[in-house]
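Peer 1: Got a structure here, written out as structure tokens. Questions coming.
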Amino acid sequence: MDLLDTQEQMKFEDFALEECILQDIKASGYHAPTPIQAQTIPLVLEGKDVIGLAQTGTGKTAAFALPIIQKLHGRMELGALVIVPTRELAQQTAKVFQMLGKSSGVRVVVLVGGLPMDADRKAITSWPNVIIATPGRLIDHLESNTLNLREVEILAVDEADRMHDMGFMPQLRRIFACLPEQRQTVMFTATLPKDVQPIVHKHMIKPVTVQVGLQLPAERAEQQIIYLPVERKTDVLLDLLKHNRGRTLIFCRTKRGVDKLATQIGRSVRGITRLHADREQCARDEAMAGFRAGKYRILMATDIAARGIDVADIEHVINFDFPHAADDYIHRIGRTARVAATGKATSFVTPPERKYLRNVQRLLEIPITNLTDEDLSAPPPVGSEEHGSRRGHRRGPPRGGRRGRTVQAKA
């Protein structure tokens, strides 16, 4: 489906939404539908099964939340199930539902791991009409017979590609088997892996596929790759943090790596917090709340945060450890330049990681910086004019040991 020619002129008032929902949309600061919202909301309201393909930060959550709120307006019993891959994304999705359905009486329950099952059971008996859950915790309730999904009329699967990456396909199949066959299913994702397609064919009825743009990072994000030796990564990171004072998200590959780096950087930089699966849920909640409120300027995280963080003004994403998969790269840097903002994404690549960079380069041409010993001993200011030049740009490291240039460009 192509973009609607009239998309820029569309308003939320053009959709068949209750007046109270329109008021909540306005109060939430939404001005006009994003492309994915403009194309999918009418289809979901019509009752069609929909596959929404759009990059991170394009407003996908509201694209399925608004039609669900409209369909459940005035309904008392359970009517909708939303499945997401992580606790953080579940909580963020719940906030969107509560914000956009404040005047509609929408009652949302979040079922995620890391919290007492007794609290879940109490919430389930409070007559929710929307359940937002991670696959593992949902399976726990289905196996203990504390939850019946036979009344669900609409199912939304968010971040289906991440579900695949995290190995949730078996759990999704079990969940689908507990749902009524006569239901509406919508799936939103940035990419559609081949292993997910059989589920689409088996469990969706003539789905309409809506694709908005290339499945690449937001074009407003300035991207840069820095080649460097492993032992110099921390020094270069400190230099970046010195010259970039905005809200920064730093990705490490492992939980231990996050903790180690936070300790190292914390000796020189203040306002750091951490987010990974080994931290208690209360600590994770405090880290996210503090990062969003500005208490912490720097959040260090593993990939668990790549799709669960929805903070509008992250100015800089830094891949301290380069991701092994191109999809992970896209979703990591998708945390900046969200919706209408601009941002910067910097990725460190050490010699062993160059093979992973090649996977990304098949999709994107990203500016390269090859740091020599001279560069590292006296790094140029990050905001210098040298960054704006494209002369000498190449897709790999300079040959013959020549000093590389820092080059930035719009992706």
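Heads up: the sequence shown begins at 2 in this note's numbering, then just goes up one per residue. Here a beta-carbon is modelled for each residue, glycine too, at the ideal position from N, C-alpha and C. Quick caveat, the model's predicted, so the values are computed rather than measured.
Contact between the region 148-164 and the region 76-85 is defined here as three or more beta-carbon pairs at a separation below 8 Å; is this criterion met?
Peer 2: yes
Peer 1: Buried or exposed: Ser145, going by 16 or more other Cβ atoms within 10 Å of its Cβ?
Peer 2: As a first step, residue 145 must be located in the sequence shown, where it is residue number 144. Looking at its Cβ environment, which holds fewer than 16 other Cβ atoms inside 10 Å, Ser145 is exposed.
Peer 1: Looking at the structure shown, is Arg336 part of a helix, part of a strand, or coil, going by DSSP?
Peer 2: Along the sequence shown, one-based indexing puts residue 336 at 335. Coil at Arg336, not helix or strand.
Peer 1: Leu325 lies in the alpha helix (DSSP H); which residues open and close that run?
Peer 2: Stepping through the sequence shown from its first residue, residue 325 is reached at position 324. It should be noted that the sequence gives His, not Leu, for residue 325. From DSSP, His325 is part of no alpha helix (DSSP H); its letter is neither H nor E.
Peer 1: Measuring straight from C-alpha to C-alpha, what distance separates Gly295 and Ile206?
Peer 2: Taking the sequence shown and counting its residues from 1, the one referred to as residue 295 is at position 294. Taking the sequence shown and counting its residues from 1, the one referred to as residue 206 is at position 205. Distance between the alpha carbons of Gly295 and Ile206: 45 Å.
Peer 1: Are the CB atoms of Ile319 and Thr274 nearer to each other than 8 Å?
Peer 2: For this step, residue 319 is matched to residue 318 along the sequence shown. For this step, residue 274 is matched to residue 273 along the sequence shown. No; because the gap between Cβ atoms is not below 8 Å, this pair is not in contact.
Peer 1: Using CA atoms only, rank isn't needed, just tell me which of Trp128, Ile37, Asp322, Met164 is closest to Thr351.
Peer 2: Reading the sequence shown from its first residue, position 350 is the one you call residue 351. Ranking the options by Cα distance to Thr351, first place goes to Asp322.
Peer 1: Looking only at its own chain, which residues have a Cβ that is under 7 Å from the Cβ of His277, when we skip the five neighbours before and after it?
Peer 2: For the purposes of this step, residue 277 is identified with residue 276 of the sequence shown, where counting begins at 1. Correct list, in chain order: Lys256, Val259, Ala302, Thr303, Ile305.
Peer 1: How many angstroms separate the CA atom of Ala91 from the CA atom of Gln282?
Peer 2: Working through the sequence shown from its first residue, we reach residue 91 at position 90. Working through the sequence shown from its first residue, we reach residue 282 at position 281. Using only the alpha carbons, I get a separation of about 13 Å.
Peer 1: Name the DSSP bridge partner or partners of Thr190?
Peer 2: The count along the sequence shown starts at 1 and reaches residue 190 at position 189. Answer is Leu54.
Peer 1: By Cβ distance, which residues of its chain are closer than 6 Å to Val187, with the 5 residues on each side in sequence left out?
Peer 2: The sequence position of residue 187 within the sequence shown is 186, counting from 1. Result list for Val187: Val45, Val51, Phe65, Ala157, in chain order.
Peer 1: Closest to Phe13 by C-alpha separation, out of Thr87, Ala55, Leu101, would be which residue?
Peer 2: Position 12 of the sequence shown, counted from the start, is the residue given in the question as residue 13. Selected option, being the one with the closest Cα: Leu101.
Peer 1: Closer than 6 Å by C-beta to Arg138: which residues in its own chain qualify, once you throw out the five before and the five after it? Chain order, please.
Peer 2: Taking the first residue of the sequence shown as position 1, residue 138 is located at position 137. Once the five neighbours on either side are set aside, the close Cβ partners of Arg138 are Leu112, Val113, Gly114.
Peer 1: Leaving out the 5 sequence neighbours to the left and right, which residues in its chain are closer than 7 Å to Val85 when beta-carbon positions are compared?
Peer 2: For this step, residue 85 is matched to residue 84 along the sequence shown. Cβ within range, chain order: Ala91, Thr94, Ile133, Thr135, Asp159, Glu160.
Peer 1: Counting only the same chain and skipping the five closest in sequence on each side, list residues whose C-beta sits under 7 Å from that of Gly384.
Peer 2: The residue given as residue 384 occupies position 383 in the sequence shown. Confidence is the limiting factor: at Gly384 the pLDDT is only 40, short of 50, which leaves the residue's position unreliable, though a coordinate-based value still follows. Counting only Cβ-Cβ distances below 7 Å, and skipping sequence neighbours, we find His244.
Peer 1: Quick check on the burial criterion: 16 or more other C-beta atoms within 10 angstroms. Buried or exposed for Pro324?
Peer 2: Residue mapping note: residue 324 aligns to position 323 of the sequence shown, counting from 1. Result: buried.
Peer 1: Flag this pair as yes or no: are the beta carbons of Lys49 and Val209 separated by less than 8 Å?
Peer 2: Translated into positions along the sequence shown, residue 49 becomes position 48. Translated into positions along the sequence shown, residue 209 becomes position 208. Contact flag set, yes.
Peer 1: Which of the three DSSP states is assigned to Ile140 in this structure?
Peer 2: Sequence index remark: in the sequence shown, residue 140 carries index 139 (1-based). If DSSP states are grouped into helix, strand and coil, Ile140 belongs with the helices.
Peer 1: For a test of the three-state rule: what should DSSP assign to His32, helix, strand or coil?
Peer 2: By 1-based counting over the sequence shown, the position of residue 32 is 31. DSSP places His32 in coil when its eight states are reduced to three.
Peer 1: Cβ of His74 within 8 Å of Cβ of Glu20?
Peer 2: To locate residue 74, count along the sequence shown from 1; it is residue 73. To locate residue 20, count along the sequence shown from 1; it is residue 19. No, they are not a contact pair.
Peer 1: Could you give the C-beta distance for Leu143 and Ile226, rounded to a whole number, given that I count them as a contact under 8 Å?
Peer 2: To locate residue 143, count along the sequence shown from 1; it is residue 142. To locate residue 226, count along the sequence shown from 1; it is residue 225. Not really, about 44 Å apart at Cβ, beyond 8 Å.
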